[in-house]
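Undergrad:
There are 2 protein chains.
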Amino acid sequence: MASDSPKQHWSTAEEEIMEATYRALLKHGYADLSISRIADELDKSKAAIYYHYDTKDDLLVAFLEFAVDRFEETIETETGDEPPEDLEHVIEKLLPLQPDEEQRQLQAVLVGLRSQAVTNEVFREQFTQIDERLAATVRSIVERGIDDDTFRDVDPSRVAEHILATVNGAMYGRVTTDRKSAAAAARVSLASYIDSELRCRS
Amino acid sequence: MASDSPKQHWSTAEEEIMEATYRALLKHGYADLSISRIADELDKSKAAIYYHYDTKDDLLVAFLEFAVDRFEETIETETGDEPPEDLEHVIEKLLPLQPDEEQRQLQAVLVGLRSQAVTNEVFREQFTQIDERLAATVRSIVERGIDDDTFRDVDPSRVAEHILATVNGAMYGRVTTDRKSAAAAARVSLASYIDSELRCRS
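Order-wise, the sequence lines are chains A and B. Using the working numbering, the first residue of the first sequence is number 1, and each one after it goes up by one. Using the working numbering, the first residue of the second sequence is number 1001, and each one after it goes up by one.
#1: Cα separation between B/L1095 and B/H1089?
#2: Between A/F63 and A/T21, which are expected to be in contact by the criterion C-beta below 8 Å, what is the C-beta distance as a whole number of angstroms?
#3: Mapping the DSSP letters down to three states, classify A/R152 as helix, strand or coil.
#4: Take A/Y193 as the anchor and find which of A/I17, A/I163 and A/I49 has the nearest alpha-carbon.
#5: Hey, could you find the ends of the alpha helix (DSSP H) A/A39 is sitting in?
#6: Give me the residue from B/D1147, B/A1186 and B/L1026 with the minimum Cα distance to B/D1100.
#7: Rounding to the nearest angstrom, what Cα-Cα distance links B/F1151 and A/V154 in this structure?
#8: Within the same chain, show all residues whose beta-carbon is closer than 7 Å to that of B/I1130, passing over the 5 residues directly before and after it, in chain order.
#9: Under the assumption that A/E165 contacts B/A1160 (Cβ atoms under 8 Å), give the Cβ distance between them as a whole number of angstroms.
#10: Classify B/T1077: buried if its beta carbon has 16 or more other beta carbons within 10 angstroms, exposed otherwise.
#11: Hey, out of B/A1135, B/D1195 and B/I1017, whose CA is closest to A/A186's CA?
#12: If you follow the alpha helix (DSSP H) that B/T1055 is in, where does it begin and where does it stop?
#13: Comparing C-alpha positions only, which one of A/E41, A/V138 and A/I35 sits nearest to A/I91?
#14: On a Cα-Cα basis, can you pick out the residue from A/T74, A/A183, A/A108 and A/R199 that is closest to A/Q98?
#15: Is DSSP giving B/R1139 helix, strand or coil here?
#16: To be precise: take each residue of the region 178 to 200 of chain A, compare its Cβ to all Cβ atoms of chain B, and keep it if any distance is under 9 Å. Which residues remain?
#17: Tell me the residue span of the alpha helix (DSSP H) that contains B/V1118.
#18: Figure out for me which residue from B/G1145, B/S1181, B/A1117 and B/Y1172 has the closest Cα to the Cα of B/R1199.
#19: By the three-class DSSP mapping on this structure, what secondary structure does A/R199 have?
#20: Excluding the 5 residues preceding and the 5 following B/V1188 in the sequence, name in chain order all residues of the same chain whose CB lies nearer than 6 Å to its CB.
#21: Starting from A/Y193, trace the alpha helix (DSSP H) both ways and give me its first and last residue.
#22: Say whether the region 113 to 127 of chain A touches the region 1174 to 1183 of chain B, bearing in mind that this needs 3 or more beta-carbon pairs closer than 8 Å, one atom from each stretch.
#23: Determine the direct distance from the alpha carbon of B/L1087 to that of B/T1128, and round the result to whole angstroms.
#24: Using CA atoms only, rank isn't needed, just tell me which of B/Q1126, B/T1079 and B/E1082 is closest to B/L1060.
#25: Against chain B, does A/V68 count as a neighbour if the rule is that its beta carbon must be under 8 Å from one of theirs?
#26: Just checking my contact of A/Y53 with A/G112 at CB under 8 Å: how many whole Å lie between their CB atoms?
#27: Under the assumption that A/D148 contacts A/P83 (Cβ atoms under 8 Å), give the Cβ distance between them as a whole number of angstroms.
#28: Report the residue from A/S196, A/D195 and A/R158 whose alpha carbon sits nearest the alpha carbon of B/S1181.
#29: Among residues of its own chain, excluding the 5 on either side of B/D1081, which ones have a beta-carbon nearer than 7 Å to its beta-carbon?
#30: Does any C-beta atom of chain A lie closer than 8 Å to the C-beta of B/F1151?
#31: How is A/A20 classed by DSSP in three states: helix, strand or coil?
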């Protein structure tokens, strides 16, 4: 949808490994993840995983791509032709106003993985692609809104980067502090920004 | 200024250790920091450091507090009675539009330290305080602007959390991706938000 790159095709075996990785990450966190623990979730041997991925880092980089593929597929299904509602929906998916336990753990896992990108080039390239794809998803909704006159003639790239930075920063704060209401406050202000800065009054 | 907590007083010896920690962090990064390397920068023995701080984590938590103390002192000196310019100044300090090498390295160090807060309670408490203090600094400028009628009657807490999340998220993206212009685009959009959403037109 938002990306020009060809859609990654995941084999059934790879998808099963990715699902097992997701469960293992939620259960053990990023720091305590091992191929053994993923194999336990998969109910197969470690060799079955190493047949597809040479190292744990290879597997985790693939997992991040899998997660973004899934995210884009969901967004494609769940958004339609109402740019303001579609934008709100993407923001809620990225930064739930009231995250449940699974969403909280996933966010902690993502912050752990992203911290590797400070020093690890392969993780850095993957997070570069992730942010590119997420920004493109937001941008395409803003462009759609400008085309159908629900949004003003703003700069879609800048607005997309602003929204992505706010969402990433609020999520980052939620995972690394005990400030319970800060992320929700940022989201409410972001929604009011979208309402006042983007929406046309007809 | 922005915080109600009593100002931390740093002895000369502590300040020297903090300055040495800063230099060692810029030189070696967070991952390769050791008490030995800080002692080298200090030109004293490791014992001189352990006399003040029991562990490396104790020292790093103190360093974070020292950095925020310094930041607040600078802001107090460099801001005045022009809320829009003061706000722009704080944002530029937190997220330089064109960071130099030292600022880039410092941001990488801060992301490395913050990632510890996902699992380490002491770091988590410290980053909770840091974000509280930064949000309070932004909030007090917004409140000042509302009081002197340069800003509209917005919710200062929500706006402060929005600005802090955008700044943190853009900085986080800058350090963990190769997306060169994303942070600047977010900042330009944030400035336009402040201009259109906050400023009164008289």
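Virtual Cβ for every residue (Gly too), placed ideally from N, Cα, C.
TA: Quick look at the numbers:
#1: 10 Å
#2: 5 Å
#3: coil
#4: A/I163
#5: I35 to L42
#6: Distance from the Cα of B/D1100 is smallest, within the candidate group B/D1147, B/A1186 and B/L1026, for B/L1026.
#7: 22 Å
#8: Taking C-beta separations shorter than 7 Å and ignoring five residues to either side along the sequence, the partners of B/I1130 in its chain run L1064 and V1068, following chain order.
#9: With the sequence shown as reference, residue 165 of chain A is identified as Ala, and Glu is not the correct amino acid for it. In fact, because the Cβ distance is near 16 Å, the residues do not count as touching under 8 Å.
#10: exposed
#11: That would be B/A1135, whose Cα lies nearest to the Cα of A/A186.
#12: Where B/T1055 is concerned, there is no enclosing alpha helix (DSSP H), given that its DSSP letter is neither H nor E.
#13: A/V138
#14: A/A183
#15: helix
#16: D178, R179, S181, A182, A183, A184, A185, A186, R187, V188, S189, L190, S192, Y193, S196 and E197
#17: Counting along the chain, B/V1118 falls outside any alpha helix (DSSP H), and DSSP gives it neither H nor E.
#18: B/G1145
#19: strand
#20: none
#21: A182 to Y193
#22: yes
#23: 22 Å
#24: B/Q1126
#25: no
#26: Going by Cβ atoms, the distance from A/Y53 to A/G112 rounds to 19 Å, so no, they are not a contact pair.
#27: 7 Å
#28: Between B/S1181 and the set A/S196, A/D195 and A/R158, the nearest pair of CA atoms involves A/R158.
#29: none
#30: no
#31: helix
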